[in-house]
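Top to bottom, those sequences are chains D and F. Take the first sequence: its letters are residues 842 to 1103, numbered as in this note's numbering. Take the second sequence: its letters are residues 14 to 335, numbered as in this note's numbering. Cβ atoms here follow ideal geometry from the backbone N, Cα and C, with glycine treated the same way. The structure appears right after this line, and notes come after that.
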Amino acid sequence: MLKKLLRYDLKFLFRYWWIAAVASLPASVMGGFAIKLLNSEFPTTGAILVAVLMILATILTIVAVAVMPTIMIAIRFYKNLYSDEGYLTFTLPVSRANLLNSKIISSFIIEMASVLTVAINVLLMAIIAGANFSEIFQGYVFRVGDGILALAFVLLFSLLVVSSTLLMFVCISVGAVITKKHKVLAAIGIYYGVTGFVSGFSQLFVSLSSGLIVGIVLSMKEDVRTLVGSLMALPIILIIAAVVVGLYTLVHWIMDRKLNLS
Amino acid sequence: MNKKLCLFFAIVLALLTFGAMAFAAEDTGELTFNESYNFAFYKGNTYIYATEADGWIIDSSTLDYIDSVTLFDDLYEDVKAIYAYGNDEVIVVTLSFNAGGRVTILYINNNDVINSVGNGIFETYTLIPNGRTYVESSYIEVPREKLFGKKITISGKELVQYSSTSVSGHAFGEIITEYDMGKLIFHEDGRVLFLNYYECVVGAGYLNTETEIFLREEVIVYEITDEEILEQLGSGKQQTTQPVEESEDVIVIILIAMLALVFVVIPLVAAILSAVFSFKAKKPVYKKLFRTISALLWASLVVMVIAVVIIIAVIGLEALGF
């Protein structure tokens, strides 16, 4: 049954997004040529204006590709579970866990597709603009430590994507439970409140620690730095994984115990 | 007559006048410079560089720019134009380079400059040990003669310890807006002293020459005795004499507390609570979820302890030279 749920969720999420994704590719080609034009020796004022407008259009397209999934995920989750459609959804012979799992997996898939598309677009722009990749990676020798760090980064990024999606689900669920009339508004308010608090705390942390931590890190030898990075990544990954499971538990509990669609 | 035509003739006339002046000045052939271009010698007078023109501020980085091999080697014309203002007080020199760059420098007559300065502006910047600077107060404006109180000497060490404020000067109306004329020293014993760049610093107190004064055994300074100025400077004095090490210690303590909160206290409390909830939960799904949370948090705590031990050991071994 999870497969069927996934199919319908993915169908909804990709319905409009693919248009933006496909449109972004020629836009990136255009952006690459615009950058090349700006880098040319004697660009005229008209050429500069056209190039800047082209780059702006490219950036807007890429932003649309990156932002659209988040909006679609929120709409799908809210409409499918907490609007009138929810009556139908919850009559399906599937567990709440499967409903939630389907939403999480489909969200992760579209978020990753969006990251991949943005990366392809940026790469395309860089190639057309004439970026010299061999120069960038000149002298780079792959080491095991770098591989571990890269793996840790991919894992951390994936967990952060899932946790931010789950945070959105928590806010929508709480908003749907505490109010009957302005569910969306309450969800947005809660989301801004929570993310504001988290970003405020992290900004305070970064502003206090950045100088000191950068100083400590720079004073280390490169191998030691990689070792410290890999070692510190592990507890952070475990804590974020715990946060993901915690948020999952909270959404599941709200859907299970507090749901009131009347 | 057509207004545009009038404007055209005015511009042509101005260009011709300036061109003639430039030609006349170049024709004298008297203008020479020292190696780093911070001194100009013209009609028997010595000039020092002063301030900006064409958007260039002549500070240590600009001097580095002039000195940089690529452009310095490319210098194709020492003097593009020389303009004289008033009684030869200011000359403007443009150094042009084959690469296309230009540096315009204003030189002031070294002998007359002190007498020509109108007012001094105190702009308060404090240099704190890690190299960051911040403005303590915007500025206060004082007549320049009030800067020159009792003449005394202090050591270069005292200077580096307490000097914190650059003093800018206003002079020559439209030609020069502002330039560095000295430093304020908030001494530990409560005195406020003024260091006059033009008396003791070659090149008017830019970074490269400042280092040189700090190395001296004795530096001549003036004690500011004017009560009004001292009162206005009060807040700056208080802040600059504040020991910086203490505030850095506080940051380290806050940082350690935050790290402990994020990586130890919160995970520990959450792990204990999750364990309790996993025992209390009746549905197997919640039991499983809470158990997973608890296990992940305990694991993070254990890994954190191991990581910290390894990091301390590695850093310790590195410090010992292994």
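Am I right that residue i and residue j are in contact with their C-beta atoms under 8 Å? What's the rounded C-beta distance?
i                        : j                         : result
serine 865 (chain D)     : valine 906 (chain D)      : 5 Å
serine 1115 (chain D)    : methionine 1073 (chain D) : Nothing in the structure corresponds to residue 1115 (chain D), since chain D is present only between 842 and 1103.
leucine 990 (chain D)    : threonine 1067 (chain D)  : 6 Å
tyrosine 299 (chain F)   : threonine 911 (chain D)   : That belief does not hold up - the Cβ atoms of tyrosine 299 (chain F) and threonine 911 (chain D) are roughly 29 Å apart, past 8 Å.
isoleucine 903 (chain D) : asparagine 962 (chain D)  : 5 Å
isoleucine 242 (chain F) : lysine 159 (chain F)      : 6 Å
glutamate 171 (chain F)  : histidine 200 (chain F)   : 7 Å
Taking the CB atoms as reference points, tell me whether residue i and residue j lie closer together than 8 Å.
i                        : j                           : result
valine 1002 (chain D)    : phenylalanine 918 (chain D) : no
methionine 842 (chain D) : valine 935 (chain D)        : yes
threonine 930 (chain D)  : leucine 941 (chain D)       : no
glutamate 230 (chain F)  : serine 168 (chain F)        : yes
leucine 309 (chain F)    : leucine 1079 (chain D)      : yes
tyrosine 55 (chain F)    : glycine 162 (chain F)       : no
leucine 197 (chain F)    : valine 232 (chain F)        : no
leucine 854 (chain D)    : isoleucine 951 (chain D)    : yes
alanine 970 (chain D)    : glycine 1070 (chain D)      : no
isoleucine 165 (chain F) : valine 205 (chain F)        : no
alanine 1082 (chain D)   : leucine 992 (chain D)       : no
serine 955 (chain D)     : leucine 851 (chain D)       : no
serine 307 (chain F)     : alanine 294 (chain F)       : no
valine 985 (chain D)     : valine 327 (chain F)        : no
serine 1127 (chain D)    : leucine 933 (chain D)       : With chain D covering 842 to 1103 only, the question about residue 1127 (chain D) has no answer from this structure.
Measure from the alpha carbon of residue i to the alpha carbon of each residue in the options, then state which is nearest.
i                         : options                                   : result
isoleucine 896 (chain D)  : D:Ile876, D:Ile914, D:Thr911, D:Ile912    : D:Ile876
tryptophan 311 (chain F)  : F:Val298, F:Val282, F:Val322, F:Lys301    : F:Val282
asparagine 1101 (chain D) : D:Ile1019, D:Tyr1032, D:Ser1040           : D:Ile1019
leucine 1088 (chain D)    : D:Leu890, D:Thr1006, D:Val1069, D:Gly1016 : D:Thr1006
valine 1092 (chain D)     : D:Ala1083, D:Ile946, D:Met1009, D:Lys1024 : D:Met1009
leucine 272 (chain F)     : D:Val891, D:Leu1045, D:Val1065            : D:Leu1045
valine 265 (chain F)      : D:Ala1083, D:Val891, D:Gly1041, D:Leu1049 : D:Leu1049
valine 995 (chain D)      : D:Leu1075, D:Lys1022, D:Val1035           : D:Leu1075
leucine 894 (chain D)     : D:Pro910, D:Met913, D:Met871, D:Thr911    : D:Met871
methionine 953 (chain D)  : D:Thr932, D:Ala862, D:Tyr849              : D:Ala862
valine 275 (chain F)      : D:Asp850, D:Glu926, D:Ser1043, D:Lys845   : D:Ser1043
isoleucine 1029 (chain D) : D:Ile914, D:Ser1040, D:Leu890, D:Gly1016  : D:Gly1016
isoleucine 945 (chain D)  : D:Val1069, D:Gly988, D:Ser1004            : D:Ser1004
valine 277 (chain F)      : F:Thr59, F:Val316, F:Glu171, F:Ala326     : F:Val316
leucine 286 (chain F)     : F:Phe303, F:Lys296, F:Lys295              : F:Phe303
valine 1086 (chain D)     : D:Leu851, D:Val1011, D:Leu878, D:Met966   : D:Val1011
tyrosine 857 (chain D)    : D:Thr886, D:Lys1022, D:Met909             : D:Met909
valine 1025 (chain D)     : D:Gly887, D:Ala892, D:Thr886, D:Ala915    : D:Ala915
alanine 967 (chain D)     : D:Trp1094, D:Arg1098, D:Val1065, D:Leu878 : D:Leu878
lysine 296 (chain F)      : D:His1023, D:Ala938, D:Leu933, D:Pro867   : D:Ala938
lysine 844 (chain D)      : D:Pro867, D:Thr1036, D:Ser943             : D:Ser943
isoleucine 957 (chain D)  : D:Gly1037, D:Asn921, D:Trp859, D:Ile1077  : For the record, residue 957 (chain D) in the displayed sequence is leucine; it is not isoleucine. That would be D:Trp859, whose Cα lies nearest to the Cα of leucine 957 (chain D).
alanine 284 (chain F)     : D:Val1084, D:Ser975, D:Lys1099            : D:Val1084
lysine 1021 (chain D)     : D:Pro867, D:Thr886, D:Ser924, D:Leu901    : D:Ser924
lysine 1099 (chain D)     : D:Val1035, D:Leu922, D:Met913             : D:Leu922
isoleucine 267 (chain F)  : D:Val1039, D:Val1047, D:Thr1036           : D:Val1047
isoleucine 1077 (chain D) : F:Val318, F:Leu44, F:Asn58, F:Leu333      : F:Val318
With residue i as the anchor, note down where its alpha helix (DSSP H) starts and where it stops.
i                         : result
valine 956 (chain D)      : 937–970
valine 205 (chain F)      : Per DSSP, valine 205 (chain F) belongs to no alpha helix (DSSP H); it is in the beta strand (DSSP E), 205–209.
methionine 1009 (chain D) : 985–1019
lysine 1022 (chain D)     : Segment: none, lysine 1022 (chain D) is in no alpha helix (DSSP H) and carries neither H nor E.
lysine 293 (chain F)      : 279–293
Following the continuous beta strand (DSSP E) through residue i, name the residue where it begins and the one where it ends.
i                       : result
threonine 166 (chain F) : 163–167
valine 232 (chain F)    : 232–236
Can you find a CB in chain B that lies within less than 8 Å of the CB of residue i?
i                      : result
leucine 1007 (chain D) : This model lacks chain B altogether, as its protein chains are D and F.
- Whole alpha helix (DSSP H) elements within the segment 881–944 of chain D, 4-residue minimum: 886–923, 926–930
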